[in-house]
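In what follows, a single structure is set out as structure tokens and then discussed.
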Amino acid sequence: MTSQRHTHDALLDATRECVLEVGVRRTTLTDVAKRANVSRMTLYRRYPDVDHLVRALMTREFAALLEEAERAVNHGNARQQLVQRAVDAIRLLEANPLMQRVLQLDADLMLPYLTDRLGSTQRLVEQFLVAQIEAGHIDGSIRFGDAKTQARVVLMSTQSMVLSTRPVTSGLDFGSLLDELAKQLDGALKP
26 MTSQRHTHDA
36 LLDATRECVL
46 EVGVRRTTLT
56 DVAKRANVSR
66 MTLYRRYPDV
76 DHLVRALMTR
86 EFAALLEEAE
96 RAVNHGNARQ
106 QLVQRAVDAI
116 RLLEANPLMQ
126 RVLQLDADLM
136 LPYLTDRLGS
146 TQRLVEQFLV
156 AQIEAGHIDG
166 SIRFGDAKTQ
176 ARVVLMSTQS
186 MVLSTRPVTS
196 GLDFGSLLDE
206 LAKQLDGALK
216 P
């Protein structure tokens, strides 16, 4: 199991290097296999195409960012924690080289996740948000409502900040925009 995990991580690490260097569209399974020092057959057995490989990478990458944001805040009520974690996650994503490279070179690849379906990373974020909102219902810091619906609205609000960083920050301070988002989220969730 350890060597399998090591190989899995090595494949995703190699994919990350390729995407950072040439973008998603120019990343090939052959290049990933070379960088990971595995045979192409090993890679093909695990991932049928670059799309599946990149999705696995994005899920791993953004799950780690979510964990980092979650660990950073452990004070205040559930609403305060949710708002701070959302803002921290946006800051981390805005500073993430992989996310910025994808937005720079292959932003249109994000379009299906905005118009057609939720991806695994969005579902991961939504689970995190639902748990935070339910905790807020329990401690009384978040107004009662359907937690899944409330989480989806928070997801849509925060996701737009992540994906629109360049145009949104044109002429404005990013920190000020995040402060305003925090106030809006806090106000919308208050009982």
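Offset between the sequence shown (1-based) and this note's numbering: plus 25. Glycine included, each C-beta is placed from N, C-alpha and C at the ideal position. These figures come from a predicted structure and were not determined experimentally.
### Query
Near Q283, which residues of its chain fall below 6 Å by C-beta distance, leaving aside the five closest residues on each side in sequence?
Nothing in the structure corresponds to residue 283, since the chain is present only between 26 and 216.
### Task
Report back the beta-carbon spacing between V75 and T53 to the nearest angstrom; my notes put them in contact at under 8 Å.
7 Å
### Three-state class that DSSP yields for T27 in the structure shown
Unreliable placement is indicated for T27, whose pLDDT of 43 sits below 50; the coordinate value is still reported in the next sentence. The answer is helix: DSSP assigns T27 an H, G or I state.
#### Entry: Sub-8 Å separation of N121 and L78 beta-carbons
no
### Query
Taking the alpha helix (DSSP H) that K173 falls in, what are its first and last residues?
172 to 188
### Message
Alpha carbons only, please: which of K59, M186, A156, P137 is nearest the one belonging to F199?
### Response
Relative to the Cα of F199, the nearest Cα in the group K59, M186, A156, P137 belongs to M186.
#### Entry: Buried or exposed (CB count within 10 angstroms, at least 16 for buried), Q157
buried
### Query
Whose CA, out of L203, G196, N62, lies closest to the CA of R116?
L203
### Query
Is the distance from the Cβ of V98 to the Cβ of D211 below 8 Å?
no
### Task
Keeping to the same chain, check which residues put their C-beta closer than 6 Å to that of T190; ignore five residues upstream and five downstream.
Within the same chain, E119 come within 6 Å of T190 by CB-CB distance, once the 5 residues on both sides are set aside.
#### Entry: Backbone secondary structure at L143 - three-state DSSP
Looking at L143 - three-state DSSP - the assignment turns out to be coil, as it is neither helix nor strand.
#### Entry: Candidates L149, Q147, A176, of which the one nearest A160 by Cα
A176
### Task
Please report the residue range of the alpha helix (DSSP H) in which Y13 lies.
Any question about residue 13 goes unanswered here, given that the chain covers just 26 to 216.
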